[in-house]
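Each residue of the sequence shown is one higher than the last, beginning at -6 in our numbering. Where is the CB? At the ideal position from N, CA and C, for every residue including glycine. Worksheet for the structure shown next.
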Amino acid sequence: MVDRRGFLLLAVGAVCVSAFAVQQVSTDNQDIRYEQAGPEEGHVIILLAAEVTAFAEMTAALAAQGFRVIVPYLRAADDAVLGQDVLDLMNALHIPEAVLAGVEQGARVAARAATLKPSRCVGLVTLNTAPQPGFANAVGLMAKTGHWRT
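Here you go:
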């Protein structure tokens, strides 16, 4: 049985999922494709994985909590290059800082981006397997308790 609050969260999630479309931004080196959900003014969570579908079940839930969720399409490159790609994406979208969360290859990329520019990362959540049921909660908690400076 779904209570009223649960129903409203599901309804907001359904609206966010339908608005989750592939977008593209140009950087100095390349065009980066990404998907985005949630309010433009929300605190940013960047989810990283080799396959953007890895986060299909959690993006709407995070967006429903008021977070701006961005899931970039990672190109075929080493983790150092991809870490810089994340920073370039943040620059192109005028994002001063974000929680970086990743699974498998995305975890390594998140860690690399945080290492390259620690001041841009207000939280880091990594997992070396596919997203587990508690991963969305961990990312949400990190985002809520992060020391946002923007």
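Rounded to whole angstroms, what's the CA-CA distance from residue i to residue j? Just pull it up for me.
| i | j | result |
| --- | --- | --- |
| Asp21 | His87 | 14 Å |
| Ala100 | Pro32 | 25 Å |
| Leu117 | Gly95 | 8 Å |
| Glu97 | Leu40 | 11 Å |
| Asp78 | Phe60 | 21 Å |
| Val18 | Arg113 | 19 Å |
| Pro111 | Leu80 | 11 Å |
| Gly35 | Leu55 | 10 Å |
Is it buried or exposed, residue i, if we count other Cβ atoms within 10 angstroms and call 16 or more buried?
| i | result |
| --- | --- |
| Glu50 | exposed |
| Pro89 | exposed |
| Ala47 | buried |
| Asp24 | exposed |
Quick one: what does DSSP say residue i is sitting in, helix, strand or coil?
| i | result |
| --- | --- |
| Val118 | strand |
| Gln98 | helix |
| Leu55 | helix |
| Pro111 | helix |
| Leu134 | helix |
Considering only their Cβ atoms, is the gap separating residue j from residue i smaller than 8 Å?
| i | j | result |
| --- | --- | --- |
| Ala106 | Leu93 | yes |
| Ala85 | Thr52 | no |
| Ala103 | Thr119 | yes |
| Gly76 | Leu109 | yes |
Taking the continuous alpha helix (DSSP H) assigned at residue i, which residues delimit it?
| i | result |
| --- | --- |
| Gln77 | Asp72 to Ala85 |
| Leu40 | No alpha helix (DSSP H) holds Leu40; the beta strand (DSSP E) holding it covers Val37 to Leu41. |
If you follow the beta strand (DSSP E) that residue i is part of, which residue opens it and which one closes it?
| i | result |
| --- | --- |
| Ala30 | Asp24 to Ala30 |
| Pro89 | That residue, Pro89, is in no beta strand (DSSP E); it is neither H nor E in DSSP. |
| Arg68 | Arg68 -> no beta strand (DSSP E), and no H or E assigned at all. |
Are the C-beta of residue i and some C-beta of chain C separated by less than 8 Å?
| i | result |
| --- | --- |
| Ala14 | This model lacks chain C altogether; it includes just one protein chain. |
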